[in-house]
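What follows is a single structure, written as structure tokens, with notes after it.
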Amino acid sequence: MTGEFDITKVYLKFLEDDAEMTMPIAAIESLVDMLKVKQPSTSSELINLVKHNTDKLKSSISNAISLSAGCDLFMRFVLRNINLYSDWESCRKNLVENGELFVQRAKESRSKVAEFGVPFIKDDDTILVHSYSRVVHQLLIKAKKEKMIRFRVIVTESRPSEKGYHMAQVLRDSDIPTEVIVDNAVGYVIHKVDKILVGAEGVAESGGIINHIGSYQIGCLAKTNNKPFYVVTESHKFVRLFPLAPNDLPTQMHQLLQNANSMSFSNDHGLLTTQQIDFTPHEYITALITDLGVLTPSAVSEELIKIWYD
Amino acid sequence: MSEKPVEGKPVESKSTDSSVKPDAKDKTPSKSVETSEEKKLSNKELKELKKKEKAAKRAAQKEANGISPEQQEKLAEQKREKKQQQTTNSNLKKQLIQTVIKDDSKKKVPTLFSHLETREQRNAASPSISHIVHPAILSLALKISSYKIVGSIPRLRSMLEVFKIIIEGYITPSNTTLQRHLTGHLSHQIEYLKSARPLSVSMGNAIRWLKQEISHISLDLSDIEAKQILCEKIDDFIREKIDLSDRVIIETASKHINNGSTILTFGHSQVLENLFKYCALEQDKHFNLIIVDSRPLFEGKTLFNNLIETETSPNVDDLASETSSVSSRGPKSKPITQDHIKIHYVLINSLSSTILEDVDCVFLGAHAMLSNGRLYSRVGTGLIAMMCHARNIPVLTCCESVKFSDKVQLDSVTNNELADPEDLVSNINSKQPPKKKAFALEQFIKQIEHEKKNEEKSPKGKNNVNNKNKSKKDEDDKDKAPLSNWKDIPNLNILNIMYDLTPPEYIKKVITELGGLPPSSVPVILREYRST
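Protein chains in written order, with this note's numbering: chain A, 19 to 328; chain B, 261 to 792.
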């Protein structure tokens with residue numbers, strides 16, 4: 019680990035090694051690793067180093083929303099702690115230690131979310147799930163295995179990533195009756211669905227979510243059909259972003275999306291353009307199940323203000 | 261009641277058990293003390309007797325000092341007069357308000373809004389005679405009342421600047437300290453300032469802050485030091501809460517203005533004006549701007565003017581090319597409206613579907629943000645927000661956190677500001693600034709006119725002739741302005757209201773210096789931010 023330290027490689031390695039690790043945690047962990055390897059001698063050097071590496075990481079990864087949430091949190095954490103210690107060496111040491119503690123806590127948060135979420139699932143429920151989300155997965159498994167709740171799950175196919183198949187597979191492996199529907203069929207099944215659970219890439223300041231494409235239309239359908247629409251997410255995915263419309267995501271991200279979308283389907287005749295994420299405004303969300311408890315969308319900004327202005 | 265008489269004391273101690281009320285105390289001793297012949301006298305008479313006795317004693321004393329009884333009477337009279345003159349500001353205010361309220365026929369305001377203070381009432385209630393009002397306040401009040409300074413933030417800024425002048429020129433009277441006296445002194449000034457227009461929420465917040473700062477100044481400091489500290493604090497307040505906040509707000513808000521987008525705005529807001537300038541000058545964005553305006557203040561024209569007057573600084577390349585080609589012209593700067601901002605100017609009543617066709621987002625200014633997420637702003641704002649919400653156009657508002665109020669208001673009727681109804685009636689072409697009237701004088705003239713009319717009427721008794729004269733007069737009036745005599749028309753009320761309330765459902769985002777937030781987070785800011 020001498021010479022050049024490539025933050026992107028470390029980040030990707032973390033994600034590869036542990037399938038259960040989410041992007042923000044991997045980002046923070048790689049930043050902590052970076053601090054261990056590099057030995058910044060002044061505080062401004064440290065800040066510049068962190069800033070430089072987060073920028074590099076953000077620009078090199080295609081889907082940067084939840085990643086940036088983690089980076090921003092760490093940056094904030096560094097800036098706040100840097101003035102607390104008079105002794106530089108202890109400060110650095112403390113940063114690394116606390117960074118590890120933070121990662122530890124973030125990892126635990128998923129089981130905490132599951133704990134808060136289990137009471138929402140009842141016997142004989144039909145639950146609609148969109149795309150694959152580790153938190154939703156863990157919640158459903160917990161409900162099945164520990165609480166012995168019997169319920170059915172409908173998973174959307176979730177094009178273009180088609181992660182829905184993966185979700186269905188892992189759920190079926192744990193004996194939960196699951197079926198996959200095409201994304202267009204959400205309206206068809208919605209009236210027999212009892213509740214909708216989705217994960218989130220990022221939670222915006224308003225309490226709206228940025229998630230796999232298709233979440234917005236499910237949210238709309240849920241609202242008109244008066245079905246509860248729950249978002250299951252960890253609190254470190256809260257981002258300082260406030261899109262006004264489903265397509266109003268930062269421009270830089272659009273370009274990245276286009277690059278990422280270059281993968282094509284066999285029969286699209288070159289006509290198909292695909293998007294990967296959209297934004298669901300807070301009006302469509304019933305509640306957010308997080309490790310801080312079950313929040314209404316408006317409570318998100320309260321938590322964010324607490325994080326940023328304390 | 262003083263129980264001075266020496267005889268009273270021992271008796272009182274006897275009757276303490278029976279006496280509960282103070283009245284009873286007075287009665288019991290007197291009864292027991294008096295002898296049989298004095299029993300006829302009632303309590304009142306007894307008191308008077310005692311008073312006389314006392315007065316006689318005093319007179320005797322004074323005479324002993326060398327003052328004759330006549331002189332004494334004169335002195336007493338002088339004292340009484342002095343007391344009458346020494347009416348405090350609040351007393352004066354009360355009296356004046358009462359006089360106005362008696363004159364109910366004059367108050368031509370719709371009954372729903374009759375609880376609001378009219379301009380006349382405000383003017384009448386001001387302690388204008390008071391000599392303690394600082395001249396800087398006088399000029400500021402004049403500027404505010406004539407709408408030379410409009411808008412919550414400009415008013416706040418100029419008020420703080422004036423406060424600085426006042427504090428600099430302030431001399432603490434003897435027998436008191438700056439910490440105790442200055443707040444009162446400022447209160448008088450503020451009282452006068454209120455007569456121009458009611459204080460804005462931001463001004464109220466700033467005043468509260470300033471008074472607290474004054475009370476926090478340590479007593480050990482000399483006046484000069486204390487004054488210096490206060491002035492510095494005011495400067496800091498202006499810089500932190502207005503200038504820097506605006507910059508952060510503008511930076512956040514500018515993300516919503518893209519090249520080629522169409523923005524709609526209403527009236528004039530200082531921070532929005534700066535935002536448009538920033539986008540054009542510093543970010544070099546080209547966009548369309550629709551300015552919606554309304555009577556009677558036409559604040560949109562101010563925005564329009566200010567934008568035209570700001571000019572792009574010529575680029576270095578342009579400079580070089582221009583000097584080479586046409587040296588006579590020299591470096592010329594263009595107004596930003598020439599190629600950066602295309603402006604449409606419309607009045608609020610022409611806000612139709614064609615105008616709203618391709619609006620990308622709406623920026624609204626704010627007077628105050630109430631803690632239930634409602635936006636309190638210039639009248640008409642609610643209408644625009646509603647129309648744009650119905651067309652799915654995102655409505656954004658830029659609001660500094662000094663404008664946040666912990667008040668809750670559900671409608672715009674309970675708390676509002678009445679402007680002069682004359683502004684609506686007066687000729688549109690002659691757009692003169694509303695004048696501040698001497699209310700007492702006006703009332704006096706009216707009274708005399710009324711008396712004259714009565715005198716005319718009683719000897720003649722021929723109403724027909726009068727009516728003919730009147731009709732002729734009316735024809736003359738038509739050239740002036742319609743409704744110029746609206747005050748004489750019974751049951752005609754004219755309402756010129758200043759603010760309205762926009763419900764939070766219509767507002768997508770509130771941009772403050774803390775970032776963009778949904779209107780539901782206003783109480784969070786009040787709670788989290790005010791506490792620090």
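Every residue, glycine too, gets a C-beta built ideally from N, C-alpha and C.
Exercise for the section: Return the CA-CA distance between glutamate 377 of chain B and valine 685 of chain B, expressed in angstroms with no decimal places. Expected result: Per the coordinates, the alpha-carbon of glutamate 377 of chain B lies some 19 Å from the alpha-carbon of valine 685 of chain B.
Report task. Return the residues of the stretch 768 to 779 of chain B that lie within a Cβ-Cβ distance of less than 8 Å from chain A, sorted by chain order. Result -> Flagged, chain order: Lys768, Lys769, Leu774, Gly775, Gly776, Leu777, Pro778.
Q.
For cysteine 491 of chain B and glutamate 428 of chain B, which I take to be in contact (beta-carbon distance under 8 Å), what is that distance rounded to the nearest angstrom?
A. So it is a contact: roughly 6 Å between Cβ atoms.
If you check the beta carbons only, do serine 224 of chain A and proline 654 of chain B fall under 8 Å apart?
-> Taking 8 Å as the Cβ cut-off, serine 224 of chain A and proline 654 of chain B do not qualify as a contacting pair.
Point to revise | Nearest residue (CA-CA) to valine 55 of chain A, options A:Ile79, A:Val114, A:Ile43, A:Leu85 | key: Nearest to valine 55 of chain A by alpha-carbon distance, out of A:Ile79, A:Val114, A:Ile43, A:Leu85, is A:Val114.
Name the chain A residues that come within less than 7 Å of valine 531 of chain B, Cβ to Cβ?
In chain order: nothing, as chain A lies at least about 18 Å away.
Worksheet item: Tell me, which residues are paired with glycine 311 of chain A by DSSP?
Response: Looking at the DSSP assignment, glycine 311 of chain A forms a beta bridge with A:Thr308.
For the stretch 451 to 467 of chain B against the stretch 398 to 412 of chain B, do three or more pairs of beta-carbon atoms, one drawn from each stretch, fall closer than 8 Å, so that the two count as touching? Three or more pairs of CB atoms, one per stretch, sit closer than 8 Å, so the stretch 451 to 467 of chain B contacts the stretch 398 to 412 of chain B.
- Which term fits aspartate 36 of chain A, buried or exposed, when burial requires 16 or more other beta carbons within 10 angstroms of its beta carbon? So aspartate 36 of chain A counts as exposed.
Look up proline 270 of chain B in the DSSP assignment and say whether it is helix, strand or coil. With a pLDDT of 44 at proline 270 of chain B, under the threshold of 50, the modelled position of that residue is not reliable, and no figure is offered here.
Any beta carbon of chain B sitting closer than 8 Å to that of leucine 310 of chain A? Chain B, which has no Cβ nearer than 8 Å to the Cβ of leucine 310 of chain A, makes this no.
*asked:* Out of A:Ala263, A:Leu146, A:Leu189, which one is the CA nearest neighbour of valine 204 of chain A?
replied: Ranked by how close their Cα comes to the Cα of valine 204 of chain A, the residues A:Ala263, A:Leu146, A:Leu189 have A:Leu146 in first place.
Notebook entry, point to check: Listed from N- to C-terminal order along the chain, which residues in the stretch 224 to 235 of chain A have their beta-carbon within a distance smaller than 8 Å of any beta-carbon of chain B?
Noted result: Result list: Ser224, Gly225.
Leaving out five residues before and five after leucine 322 of chain A in sequence, what residues of the same chain have Cβ atoms less than 8 Å from its Cβ?
Spatial neighbours of leucine 322 of chain A in its own chain (CB-CB distance under 8 Å, excluding positions within 5 residues in sequence) are listed in chain order as Glu223, Phe256, Arg258.
**Request:** Return the Cβ separation of leucine 557 of chain B and valine 410 of chain B in integer angstroms, given the expectation that the two are a contact with Cβ distance under 8 Å.
**Result:** Between leucine 557 of chain B and valine 410 of chain B, the beta carbon gap of about 7 Å places them in contact (Cβ cut-off 8 Å).
(Q) Measuring CB atoms only, is the stretch 290 to 299 of chain A touching the stretch 148 to 165 of chain A, in the sense that at least three cross pairs come out at less than 8 Å? (A) In this structure the stretch 290 to 299 of chain A does not touch the stretch 148 to 165 of chain A; the number of beta carbon pairs closer than 8 Å is below three.
| Since tyrosine 248 of chain A is in the alpha helix (DSSP H), which residue starts that stretch and which ends it? | Run containing tyrosine 248 of chain A: none in the alpha helix (DSSP H); it sits in the beta strand (DSSP E), 247 to 250.
(Q) Using the three-state DSSP reduction, which class does isoleucine 568 of chain B fall into: helix, strand or coil? (A) DSSP places isoleucine 568 of chain B within a helical segment (H, G or I) once states are collapsed to three.
Backbone CA spacing between glutamine 338 of chain B and aspartate 553 of chain B [nearest angstrom]
Their backbone Cα atoms lie some 59 Å apart in a straight line.
| field | Cβ of arginine 258 of chain A within 8 Å of any chain B Cβ | value | At a cut-off of 8 Å between C-beta atoms, arginine 258 of chain A counts as an interface residue with respect to chain B.
- Message: Give me the subset of the stretch 646 to 657 of chain B whose CB atoms are less than 9 Å from a CB atom of chain A, sorted by chain position.
- Response: Result list: Asn652, Pro654, Leu656.
Under 8 Å between the Cβ atoms of isoleucine 474 of chain B and threonine 443 of chain B?
-> In this structure, threonine 443 of chain B lies closer than 8 Å to isoleucine 474 of chain B by Cβ.
Using a beta-carbon distance cut-off of less than 8 Å, what residues from the stretch 241 to 265 of chain A approach chain B?
Of all residues in the stretch 241 to 265 of chain A, Arg258, Phe260, Leu262, Ala263 have a Cβ within less than 8 Å of some Cβ in chain B.
What did DSSP end up calling asparagine 548 of chain B once you bin it into helix, strand or coil? Assignment of asparagine 548 of chain B by DSSP, reduced to helix, strand and coil, places it in the strand class.
* Does lysine 324 of chain A get closer than 8 Å to chain B when you measure Cβ to Cβ? -> It does; some Cβ of chain B falls within 8 Å.
**Report entry** Given glutamate 252 of chain A as reference, the closest of A:Leu262, A:Tyr29, A:His209, A:Pro42 once Cα atoms are compared
**Finding:** Nearest Cα to glutamate 252 of chain A within the set A:Leu262, A:Tyr29, A:His209, A:Pro42: A:Pro42.
**Message:** Would isoleucine 615 of chain B pass as an interface residue toward chain A - the criterion being a Cβ-Cβ separation below 8 Å?
**Reply:** No, isoleucine 615 of chain B lies away from the interface with chain A (no Cβ there is under 8 Å from its Cβ).
Specify the secondary structure class of lysine 769 of chain B as computed by DSSP and reduced to three states.
Strand at lysine 769 of chain B.
Item to complete: Would you list, in chain order, the members of the stretch 513 to 526 of chain B that have their beta-carbon closer than 9 Å to a beta-carbon of chain A?
Response: Taking 9 Å as the upper bound on Cβ-Cβ separation, chain A lies near residues Lys515, His516, Asn518 of the stretch 513 to 526 of chain B.
Worksheet entry | Member of A:Lys111, A:Ile228, A:Lys160, A:Phe92 whose CA lies at the smallest distance from the CA of valine 136 of chain A | The candidate whose alpha carbon is nearest that of valine 136 of chain A is A:Lys160.
Margin query: Closest to aspartate 191 of chain A by C-alpha separation, out of A:Val200, A:Gln156, A:His300, A:Lys76, would be which residue?
Written below: Distances from the CA of aspartate 191 of chain A to each of A:Val200, A:Gln156, A:His300, A:Lys76 were compared; the closest alpha carbon is that of A:Gln156.
Do the stretch 236 to 254 of chain A and the stretch 296 to 313 of chain A touch if we need at least three Cβ pairs shorter than 8 Å? When C-beta atoms of the stretch 236 to 254 of chain A are compared with those of the stretch 296 to 313 of chain A, three or more pairs fall below 8 Å, so the two segments count as touching.
Q.
Following a CB-centred definition, is glutamate 126 of chain A positioned closer than 7 Å to any heavy atom of the ligand FAD?
A. Summarising the ligand content, the structure contains no ligands, and the ligand FAD is consequently not present.
| task | For isoleucine 670 of chain B, count neighbouring C-beta atoms within 10 Å of its own C-beta (all shown protein chains included) and say buried if the count is 16 or more, exposed if not. | result | The identity of residue 670 of chain B in the sequence shown is leucine, whereas the question assumes isoleucine. By the 10 Å Cβ count, leucine 670 of chain B comes out exposed.
Notebook entry, point to check: Counting along the chain, where does the alpha helix (DSSP H) carrying threonine 512 of chain B start and finish?
Noted result: The continuous alpha helix (DSSP H) containing threonine 512 of chain B extends over residues 505 to 513.
message = Counting only Cβ pairs nearer than 8 Å, list the residues of chain A close to glutamate 811 of chain B.
response = Because chain B is modelled from 261 through 792, residue 811 of chain B falls outside the range shown and cannot be assessed.
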